[in-house]
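Letter by letter, the sequence shown follows residues -20 to -1, 1 to 243 of mature numbering (1 follows the signal peptide of the UniProt record, and there is no 0).
Note that the Cβ used here is the ideal one computed from N, Cα and C, for glycine as well.
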Amino acid sequence: MATGLVVAAAAFAATTGAQAQSWWKPGVATTWQWQLSGTLNTSYNVAVYDIDLFDTSAQTIAQLKAQGRKVLCYFSAGSSENWRPDFNRFNAADMGNALDGWEGEKWLDTRSANVRAVMLSRLDLAVSKGCDGVEPDNVDGYTNGTGFPLTAATQLDYNKYLANAAHGRGLAIALKNDVDQLAQLEPYFDMAVNEQCNQYDECGGYSVFTSKNKPVFNAEYASKYRKNTNGARDKLCTKMLAAKIRTLVLPLDLNDAYRYSCD
């Protein structure tokens, strides 16, 4: 009986991609910095740096880790970006409608075997560069006009696929936005990254992460928070600290032009 259970567990691990790997599991109080463009400012006294997978060198990642930081590597898992070095790996059929407001980006058909193969290569790149985890973006395409018949079910399948593939490579993984599927996806993800949950009154759902000692990294962009209009940022920080959500007020370009932390 015991042997059968072991075999069954091994088979399950193989299908999920988890195997015998271990990976970084951050706690709910983990602090962070998020910068995806401009010259990287490495001076912040935080536990985690969330940086661009392609634009950040392995040397810079090694330097951050030598300072005791964990490194989360960002890439888009739901859109093509025509400036990325692996853009030519996407087939024309993989790419749908343009992302509104983001020049050079198109939604991807996340059901595509080719798209998934490209993402596995990106996870391999994250491993080779020394990333501790990944932040795949645009993983809520089913709520947008992608040009493909994506559904809640196809999105769950894709996001679980990414999580299992990351863990199988020893990488932690953050769930980006996708606020309508937080409860279903929390067991598969180690943390969450959210944009503007205060602006859109969506922060409450993240208790499924914080209650499991998993951090929620939140960025707010509204000018009232930057300017602290009528104490807006003070009120924001009081609310977010009570909710155990790690909140930064940042520029939309994520270029470190300014940074206000609630921690």
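Cβ neighbour criterion (16 or more within 10 Å) applied to residue i
i: Lys5; result: exposed
i: Leu234; result: buried
i: Gln39; result: exposed
i: Pro195; result: buried
i: Ser56; result: buried
i: Thr(-6); result: Low confidence applies here, because Thr(-6) scores a pLDDT of 34, under 50, leaving its location unreliable; read the following figure in that light. Result: exposed.
i: Gln1; result: exposed
i: Asn118; result: buried
Own chain, CB closer than 6 Å to residue i, minus 5 neighbours either side, in chain order
i: Leu165; result: Asn139, Leu155
i: Thr134; result: Arg91
Identity of the residues DSSP links to residue i by a beta bridge
i: Leu52; result: Asp30, Gly113
i: Arg226; result: Phe197
i: Leu88; result: Met75
i: Glu61; result: Glu85
Residues near residue i in its chain [Cβ-Cβ closer than 8 Å; skip 5 each side]
i: Gln15; result: Asn21, Tyr29, Asp30, Ile31, Leu234, Asn235, Asp236
i: Asp170; result: Trp3, Trp4, Lys5, Pro6, Gly113, Ala152, Ile153, Ala154, Lys194
i: Ala42; result: Gly110
i: Asp66; result: Val98, Ser101, Arg102
i: Ala(-10); result: Confidence in Ala(-10) is poor, its pLDDT being 37 and thus under 50, which makes the residue's placement too unreliable to answer from.
Own chain residues within Cβ distance below 7 Å of residue i, not counting five before or after
i: Ala229; result: The sequence given here places Val at residue 229; Ala does not occur at that position. Closer than 7 Å at the Cβ level, and outside the excluded window around Val229, lie Glu200, Tyr205, Arg206, Arg213, Tyr240.
i: Tyr54; result: Leu16, Asp30, Ile31, Asp32, Leu33, Glu115, Asp117
| query | Are there three or more Cβ pairs, one per stretch, closer than 8 Å when the stretch 102 to 119 is compared with the stretch 43 to 52? | reply | The stretch 102 to 119 vs the stretch 43 to 52: in contact.
| query | Within the chosen definition, does the stretch 12 to 27 reach the stretch 206 to 213 through at least 3 CB pairs nearer than 8 Å? | reply | With a cut-off of 8 Å, the stretch 206 to 213 and the stretch 12 to 27 do not count as touching, because too few Cβ pairs lie within range.
| request: Flag this pair as touching only if the stretch 167 to 185 and the stretch 78 to 94 have three or more C-beta atom pairs under 8 Å; answer yes or no. | output: no
| task | Entirely within the stretch 122 to 173 and at least 4 residues each: give me those alpha helix (DSSP H) ranges in chain order. | result | 132 to 148, 162 to 165
| message | With a threshold of 8 Å, are at least 3 pairs of Cβ atoms found where one atom belongs to the stretch 123 to 130 and the other to the stretch 181 to 192? | response | no
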